[in-house]
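For the sequence shown, the working numbering begins at 405 and goes up steadily by one. Using N, Cα and C, we set each Cβ at its ideal position, and we do this for glycine too.
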Amino acid sequence: MTADAFLLHGTPAVEAEPVSLRAGALSADFVNGNLRTIRHGGIEVLRAIAYIVRDRDWGTYEPALTDLVIDQGADTFSVSYSASCAGPDGSRLDFRATIKGSADGQLVFDVSALPENAFETNRCGFCILHPIAGLAGSPVTVEHTDGSVVATKLPELIDPWQPFKDLRAITHEVRPGVTAECRMEGDAFEMEDQRNWSDASYKTYVRPLALPWPYMLPAGRTVRQTVSLRVTGDGRAPAAAAAAEPVRVELGETGPLLPDIGVIIYPDEVETALANLQTLSALGPQQLMFHYDPTRGHGLDALQSFARLAAAYPVETTLECVVSCVGDLDAELSGVAGMVRQAGLKLSAIAVSPSVDRQSTPPGSAWPECPPLEDVYAAACRAFPDIRLGGGMFSYFTELNRKRVPADLLDFVSHCTCPIVHAADDLSVMQSLETLPFITQSARAIFGAKPYRIGPSTIAMRQNPYGGATKANPHRQRIAMADRDPRHAGLFAAAWTIGYAARVAPAGLEMLTLSSFSGSFGVLAESAEPVGEGEPWPIFQAVQGLCELAGFRHVAARTSDETRLLTLAGRSAAGQTVMWLANLTASEVTVDISGIKRRRLVMTPYAITRIG
405 MTADAFLLHG
415 TPAVEAEPVS
425 LRAGALSADF
435 VNGNLRTIRH
445 GGIEVLRAIA
455 YIVRDRDWGT
465 YEPALTDLVI
475 DQGADTFSVS
485 YSASCAGPDG
495 SRLDFRATIK
505 GSADGQLVFD
515 VSALPENAFE
525 TNRCGFCILH
535 PIAGLAGSPV
545 TVEHTDGSVV
555 ATKLPELIDP
565 WQPFKDLRAI
575 THEVRPGVTA
585 ECRMEGDAFE
595 MEDQRNWSDA
605 SYKTYVRPLA
615 LPWPYMLPAG
625 RTVRQTVSLR
635 VTGDGRAPAA
645 AAAAEPVRVE
655 LGETGPLLPD
665 IGVIIYPDEV
675 ETALANLQTL
685 SALGPQQLMF
695 HYDPTRGHGL
705 DALQSFARLA
715 AAYPVETTLE
725 CVVSCVGDLD
735 AELSGVAGMV
745 RQAGLKLSAI
755 AVSPSVDRQS
765 TPPGSAWPEC
775 PPLEDVYAAA
785 CRAFPDIRLG
795 GGMFSYFTEL
805 NRKRVPADLL
815 DFVSHCTCPI
825 VHAADDLSVM
835 QSLETLPFIT
845 QSARAIFGAK
855 PYRIGPSTIA
865 MRQNPYGGAT
875 KANPHRQRIA
885 MADRDPRHAG
895 LFAAAWTIGY
905 AARVAPAGLE
915 MLTLSSFSGS
925 FGVLAESAEP
935 VGEGEPWPIF
945 QAVQGLCELA
955 GFRHVAARTS
965 DETRLLTLAG
975 RSAAGQTVMW
985 LANLTASEVT
995 VDISGIKRRR
1005 LVMTPYAITR
1015 IG
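Take a look at the structure:
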């Protein structure tokens, strides 16, 4: 294990280096059998073309490549390889892939898959990702499977459902005078707005969600799909900024107050918090969020432990209360209220959500049986008449966007995010920060000025709305939908946390929760970790910095390259300005703050820095 790898990512595992491919103005990175960061003239045309095989819980197979051949010519490139996915019960899917690119702007990715025996999957085929920066809300031309062509736009606000169905091709402008057509053959494709899940892309994928899943690929029947990209036009490419060019930071106007910072506390983590009160005080959260779930056996004992912590660290408290909705709502919620009183737990607020709403209802699926939310909220108001009531989703913005709660009955709305629902590589996780302003803008468009909370949002997934369970991750890998993520223990998480707060700051949140205190989402090391139990992870410093800024007035901070650096700035009532900078990359970044402090600084990989 190298110290640097663990310090950066919380794991000795290092991601595969991408292979850079180039044909004239066309370029792409080849990583693990797929294409990333497809550019023309230095401008990102597609974020990815990937051949994906999903299991019945929407987990992604990661097949090893064999017979890999990469040929980089003067004006062309080509890649070919074989791979196989081993499913449960001895099932197996083999496929052969070829990729060809040329200087005339043509790129073709072709895959033929052959199941050795019947193979179960939720999805088998291409996913094409269009970037969101510069494309959200822009015109596109869509060709459908019946040959009809429609001029339309990509959604600006996040679409809860599929904006386009029955797709054969989609064309957009790369830059003035240059267009890119992406054509998909072999099946019917449709697009979903992946910003719902905080992915920084619009995803076009194979097999409509209205069809049943999981489904079986018949043994011995070849399934072939092809994606073709064609870039045409003579528009002049803008001058590309050098990677080593300093990132400039400038401060602008003041905005809303920066939010309170919360930490989520689970019943089995209370004793650790009580044993580390001095550290909790040093962290300085303004809010404690207590997770209470009677469907997991939480009862009076859990509430009594919360009461002990609330008395020892007296700040605002919210009970995140799962409502089973089995039987009479008044009886269930008044029962919870009675136990809260019996436990001596002083609450500032309660947030409620029916248990079934923690599971996603995909397009075309029947909604599960659930009492009207109006009835749930009314019962909660009767049971807890003297504290604030919140609602929304304990899962992600996707579910809130699709089932929009009656916010007029609530004192605040809330939801979470998780960046590893679909992909867990470092680039995708950091790129998820690009989506957060779209999420908050879409939430504000739905709920207006209603007080708004986000969290707990962490890199790891605390519960899986899209399958039976989260993925176990005992070997500290980068795994989608995992209940633990090694990067939470590294500098990576500290940079991601500051970046997250910077992206949502203009929304004027009431509260933001980006960690627990202990446990797998915590700011302290657990037992059996490579560092001492109770030692602070790098994310501790990030959350502590956000706690310091709570109640400051947000100051708009503009950086010349938000893919490398994000800045969060706040100004106190006394006029003190404090900035936190986050390097979002695994490389050094030179930062020019001469307009603020008349100096430059060099930030090491994933470093965070306080100025002021």
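request  = Classify L621 as helix, strand or coil using the three-state DSSP reduction.
outcome  = strand
query = Per DSSP, what kind of secondary structure is T989 in: helix, strand or coil?
reply = coil
task = List the whole-angstrom C-beta distance separating A893 from I824, where the pair is believed to meet the contact cut-off of C-beta under 8 angstroms.
result = About 15 angstroms separates the CB atoms of A893 and I824; that is not less than 8 angstroms, and the two are not in contact.
E773 classed as buried or exposed, judged by whether at least 16 other C-beta atoms fall within 10 angstroms = exposed
key: Alpha carbon of C528 to alpha carbon of I456, nearest angstrom   = 6 angstroms
ask   = When the Cβ atoms of the stretch 566-581 are set against those of the stretch 440-455, are three or more pairs found closer than 8 angstroms?
value = yes
inquiry  = For W771, list the residues DSSP reports as bridge partners.
reply    = DSSP, once it has assigned bridges, lists no residue as partnering W771.
request  = Classify G1063 as buried or exposed, calling it buried when 16 or more other Cβ atoms lie within 10 Å of its own Cβ.
outcome  = The chain is shown only over 405 to 1016; residue 1063 falls outside these bounds and no answer can be derived.
inquiry  = Is it buried or exposed, W984, if we count other Cβ atoms within 10 angstroms and call 16 or more buried?
reply    = Here W984 is buried: its Cβ has 16 or more other Cβ atoms, across all protein chains shown, within 10 Å.
request  = Specify whether the stretch 688-707 and the stretch 989-1002 touch according to this definition: at least 3 beta carbon pairs, one from each stretch, less than 8 angstroms apart.
outcome  = no
message = Going by the DSSP bridge assignment, what does Q881 pair with across the sheet?
response = Bridge partners of Q881: none, in fact.
query = Curious, which full-length beta strand (DSSP E) runs of at least 3 residues does the stretch 472-521 contain?
reply = 480-490, 496-506 and 510-519
key: Status (buried if at least 16 other CB within 10 Å, exposed otherwise) for S836   = buried
F513 versus M595: straight-line alpha-carbon distance, rounded = 19 angstroms
key: Range covered by the alpha helix (DSSP H) that runs through A954   = Taken as a continuous stretch (DSSP letters only), A954 belongs to no alpha helix (DSSP H), as it is neither H nor E.
request  = Give the range of the beta strand (DSSP E) segment to which S602 is assigned.
outcome  = Counting along the chain, S602 falls outside any beta strand (DSSP E), and DSSP gives it neither H nor E.
query = Would M620 be called buried (16 or more neighbouring beta carbons within 10 Å of its own) or exposed?
reply = When all chains shown are included, M620 counts as exposed.
request  = Express the C-alpha separation of N526 and S488 in angstroms, rounding to a whole number.
outcome  = 16 angstroms
query = Sorted by chain position, which residues of the same chain lie with C-beta nearer than 6 angstroms to L511's C-beta, five sequence neighbours on each side aside?
reply = G505 and L633
key: Contact under 7 angstroms by Cβ, L988 with P942   = No. Outside cutoff.
ask   = Over what stretch of residues does the beta strand (DSSP E) that includes R975 continue unbroken?
value = L969 to R975
ask   = Given a threshold of 16 other Cβ atoms within 10 Å of its Cβ, counted over all protein chains shown, does P810 qualify as buried or as exposed?
value = By the neighbour-count definition (other C-beta atoms within 10 Å, threshold 16), P810 is an exposed residue.
task = Report back the beta-carbon spacing between F925 and R866 to the nearest angstrom; my notes put them in contact at under 8 angstroms.
result = 7 angstroms
request  = Express the C-alpha separation of R599 and R652 in angstroms, rounding to a whole number.
outcome  = 27 angstroms
request  = May I have the straight-line CA-CA distance separating F798 from A986, to the nearest angstrom?
outcome  = 28 angstroms
query = By Cβ distance below 6 angstroms, which residues in the same chain neighbour N877 in space, the five residues on each side in sequence not counted?
reply = I883, A886 and R888
message = For A417, which residues in the same chain have their Cβ closer than 8 angstroms to its Cβ, ignoring the five residues on either side in sequence?
response = A409, R880, Q881, R882 and P890
ask   = With which residues is Q691 paired in a DSSP beta bridge?
value = G666 and E720
inquiry  = I'd like the list of long-range same chain contacts for Y609, defined as Cβ closer than 6 angstroms, with 5 residues on each side in sequence excluded.
reply    = C531
query = Are the beta-carbon atoms belonging to A898 and I1012 less than 7 angstroms from one another?
reply = yes
query = Going by Cα to Cα distance, which pick from L539, F842, E939 and F851 is closest to A584?
reply = Measuring from the Cα of A584, the nearest candidate turns out to be L539.
query = Which residues does DSSP pair with T470 in a beta bridge?
reply = S486
Three-state class that DSSP yields for T874 in the structure shown = coil
task = Check each candidate in N805, V817 and L918 and name the one with the smallest Cα separation from S861.
result = L918
request  = Enumerate in chain order the residues of its own chain whose CB-to-CB distance from D705 is below 8 angstroms, with the five nearest sequence positions on each side excluded.
outcome  = Once the five neighbours on either side are set aside, the close Cβ partners of D705 are P671.
key: Local Cβ density within 10 Å of D732, reported as buried at 16 or more and exposed below that   = exposed
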